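Note sheet for the following structure.
Protein chains: 2
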Amino acid sequence: MEQKKRSNRRPGRPRGRLQGNTLARDALLNAAEQLFAKKGFTATALREVAAKAHVNQALIAHYFGSKRGLFEAVYMRRGMQIAERRMELLHELQAARQAPTVRDLVRAYLLPQFEMKQEGPGGLAFVRMQARLHNEPEEIAFRLRRKVYDESAVQYIRALEEVLPSIDAADVNWRMVFLIGAYLYMLLGVDRLEDLSEHRFASTDDTELLDRLTSFAEGAFKAPNTYTRTKRSPRKSAGAEPNLFDKPTV
Amino acid sequence: MEQKKRSNRRPGRPRGRLQGNTLARDALLNAAEQLFAKKGFTATALREVAAKAHVNQALIAHYFGSKRGLFEAVYMRRGMQIAERRMELLHELQAARQAPTVRDLVRAYLLPQFEMKQEGPGGLAFVRMQARLHNEPEEIAFRLRRKVYDESAVQYIRALEEVLPSIDAADVNWRMVFLIGAYLYMLLGVDRLEDLSEHRFASTDDTELLDRLTSFAEGAFKAPNTYTRTKRSPRKSAGAEPNLFDKPTV
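Just so you know, the protein sequences line up as chains A and B, in that order. Under the numbering used here, the first residue of the first sequence carries the number 581, and numbering increases by one thereafter. Under the numbering used here, the first residue of the second sequence carries the number 581, and numbering increases by one thereafter.
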């Protein structure tokens, strides 16, 4: 196994110290990405990462300080790439002569995740790692999510609020969060489509997934407001609301 | 801590052997539910479960056979309750004079999860445990999901296909899976609404969550078909499709 892995590398030793360091650092990031995606933060041992990368374990401390530092470096590497691509697509839409549609915005927001997944085994591992981030220790997950995704998501929400002036801003914001839940679930690769459709449909084609998720989200964002203007949210008029946990009226 | 827990119990010892057994079994289920929800299957130690339940650890093997058996018993207990409630609500809708609307169906499908969450600390722990089931070892998760939720989800999909005759059945099925992703994400309790809305909105109110998710899902299910009839899915007319991973046209 290790022999095979070694033989896949570029032949020849790294020539300079700098190049050698960069190769070892990248090898550690790549190995850690696979292991974190598969086993999560807690169950991944640094010993395994070093062995998979064919690098001395002491280099992890040298480059990343700690396991947490390594996890953050792995996450930031591709996470920032996704965030930047999102911003790039948004700026393109905003620079165009015509205002973007809801569909344009939703698709531009979702696309970079799927591009990343298609990039190869590293991209695939990253999207899985990201889709299960909420299972990692909260002190790690919380900071990373904010650092990597907040800016672009906030910008998309603002753009969606602009193109949906008749939709309650609260609905636009909630709907974005629901959409995040839906795509993270699909990126986990454990969805239930085949079972639940009784084997009529399967979610094996990412192009189809992106298309179907886009039309789903477009319809969802354009749906009528949840609350009418006189009772915008149950918190603001709690007394007047019926008990919404009653069974739905037939 | 343990003292405090004990003092919360009903006073007096169990009178009969049967009652004593049932109490111990329930205490184990309740303790395991809290721990599995918090730490997941792998990180939960049977020793901890027994200590939290104030029960001899040997009783776990006696009642449940193994840690996996315990996990399954915990999962089935409330999972079947949710599944049965879903079926009950569906039958009520189907028995009514008027055909159910998309909104009725979506709400009836989602409601039991939120009722369970409101039931108390056990219900809350269960919905969390369920929302992170995809992170548990696949040989456990796969079987449980199928056993507990497949039947009711399949019935709701059929009912939705019926009330949405103009929507491609593939879209109806995919949209149900997207909706499952969205509500599982919200049940995790780690969603990003407050951050992403720049503190304008928060997802602290379950009634509001259910209302907003219902309108989101209603719009999503009613959205126009993803593919027109001549090119229903990219797999069926792959040659003719443009590269859908290109950036969206502006």
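Glycine residues also receive a C-beta, built at the ideal position from the N, C-alpha and C atoms. The structure presented is a predicted model; accordingly, all values stated were derived computationally and were not measured.
Near residue i, which residues of its chain fall below 7 angstroms by C-beta distance, leaving aside the five closest residues on each side in sequence?
i: Arg-648(B); result: Ile-720
i: Thr-794(B); result: Arg-683, Val-686, Arg-687, Leu-690
i: Tyr-763(A); result: Leu-690, Gln-693, Leu-793
i: Ala-797(A); result: Val-686, Leu-759
i: Asn-636(A); result: Ala-630
Can you find a CB in chain A that lies within less than 9 angstroms of the CB of residue i?
i: Gly-799(B); result: yes
i: Met-709(B); result: no
i: Val-757(B); result: yes
i: Asn-753(B); result: yes
i: Pro-804(B); result: yes
i: Gly-703(B); result: no
i: Phe-644(B); result: no
i: Glu-742(B); result: no
i: Ser-777(B); result: yes
i: Glu-718(B); result: yes
i: Arg-726(B); result: yes
i: Arg-627(B); result: no
With a threshold of 9 angstroms between beta carbons, is residue i in contact with chain B?
i: Tyr-655(A); result: no
i: Ile-640(A); result: no
i: Met-667(A); result: no
i: Leu-793(A); result: yes
i: Met-766(A); result: yes
i: Asn-715(A); result: yes
i: Gly-761(A); result: yes
i: Leu-615(A); result: no
i: Arg-780(A); result: yes
i: Gln-712(A); result: Sequence inspection shows Arg at residue 712(A); the Gln mentioned does not correspond to that position. At least one chain B Cβ lies under 9 angstroms of Arg-712(A).
From residue i to residue j, what does the alpha carbon distance come to, in whole angstroms?
i: Arg-712(A); j: Thr-622(B); result: 15 angstroms
i: Met-709(A); j: Ala-679(B); result: 43 angstroms
i: Gln-661(A); j: Val-728(A); result: 9 angstroms
i: Ala-749(B); j: Arg-738(B); result: 9 angstroms
i: Ala-612(B); j: Ala-675(B); result: 39 angstroms
i: Arg-605(A); j: Ala-663(A); result: 23 angstroms
i: Leu-759(B); j: Thr-681(B); result: 17 angstroms
i: Thr-787(A); j: His-671(A); result: 23 angstroms
i: Ile-747(B); j: Leu-789(A); result: 17 angstroms
i: Leu-639(B); j: Gly-702(B); result: 21 angstroms
i: Gly-761(A); j: Phe-722(A); result: 16 angstroms
i: Tyr-655(B); j: Gly-799(A); result: 34 angstroms
i: Arg-863(A); j: Ser-646(B); result: For residue 863(A) there is no data in the structure shown, the boundaries of chain A being 581 and 830.
i: Gln-614(B); j: Leu-615(A); result: 28 angstroms
By the three-class DSSP mapping on this structure, what secondary structure does residue i have?
i: Val-752(B); result: helix
i: Ile-857(A); result: A query on residue 857(A) cannot be resolved here, the shown segment of chain A reaching from 581 to 830 and no further.
i: Asp-785(A); result: coil
i: Asp-791(B); result: helix
i: Glu-798(B); result: helix
i: Ala-762(A); result: helix
i: Gln-637(A); result: coil
i: Asn-601(A); result: helix
i: Gly-702(A); result: helix
i: Glu-778(A); result: coil
i: Val-757(A); result: helix
i: Asp-771(A); result: coil
i: Pro-692(B); result: helix
i: Gly-645(B); result: coil
i: Glu-742(B); result: helix
i: Pro-804(B); result: coil
i: Arg-712(B); result: coil
If distances are taken between C-alpha atoms only, which option among the options comes closest to residue i?
i: Ala-653(A); options: Glu-672(A), Leu-609(A), Arg-666(A), Thr-806(A); result: Leu-609(A)
i: Pro-692(A); options: Gly-620(A), Ser-732(A), Glu-628(A), Ala-638(A); result: Ser-732(A)
i: Trp-537(A); options: Arg-780(B), Gln-637(B), Arg-755(B); result: There is simply no residue 537(A) to check, as chain A begins at 581 and stops at 830 in what is shown.
i: Val-757(A); options: Asp-730(A), Leu-773(A), Glu-742(A); result: Asp-730(A)
i: Thr-808(A); options: Pro-804(B), Glu-778(B), Asp-791(B), Glu-798(B); result: Asp-791(B)
i: Pro-717(B); options: Asn-601(B), Thr-602(B), Gly-620(B), Arg-726(B); result: Gly-620(B)
i: Phe-651(A); options: Ala-625(A), Pro-804(A), Val-734(A); result: Ala-625(A)
i: Tyr-736(A); options: Glu-778(B), Asn-805(B), Leu-603(B); result: Glu-778(B)
i: Leu-669(A); options: Arg-657(A), Ser-646(A), Glu-695(A), Tyr-655(A); result: Glu-695(A)
i: Pro-804(B); options: Asp-751(B), Arg-627(B), His-714(B); result: Asp-751(B)
i: Leu-740(B); options: Arg-677(B), Arg-726(B), Leu-673(B); result: Leu-673(B)
i: Val-734(A); options: Arg-677(B), Asn-636(B), Leu-773(B); result: Leu-773(B)
i: Asp-785(A); options: Leu-776(A), Lys-697(A), Ala-641(A), Ala-630(A); result: Lys-697(A)
i: Arg-658(B); options: Asn-715(B), Gln-637(B), Gly-700(B), His-634(B); result: Gly-700(B)
Ordered along the chain, which non-local residues of its own chain (more than five positions away) have a Cβ less than 6 angstroms from that of residue i?
i: Ala-617(B); result: Ala-705, Arg-708, Met-709
i: Lys-632(A); result: Ala-611
i: Phe-644(A); result: Leu-650, Ala-653
i: Phe-801(A); result: Val-682, Arg-755
i: Leu-768(A); result: Ala-711
Near residue i, which residues of its chain fall below 8 angstroms by C-beta distance, leaving aside the five closest residues on each side in sequence?
i: Asp-771(B); result: Tyr-765, Ser-783
i: Val-743(A); result: Ala-679, Pro-680, Thr-681, Val-682, Leu-685
i: Arg-725(B); result: Leu-713
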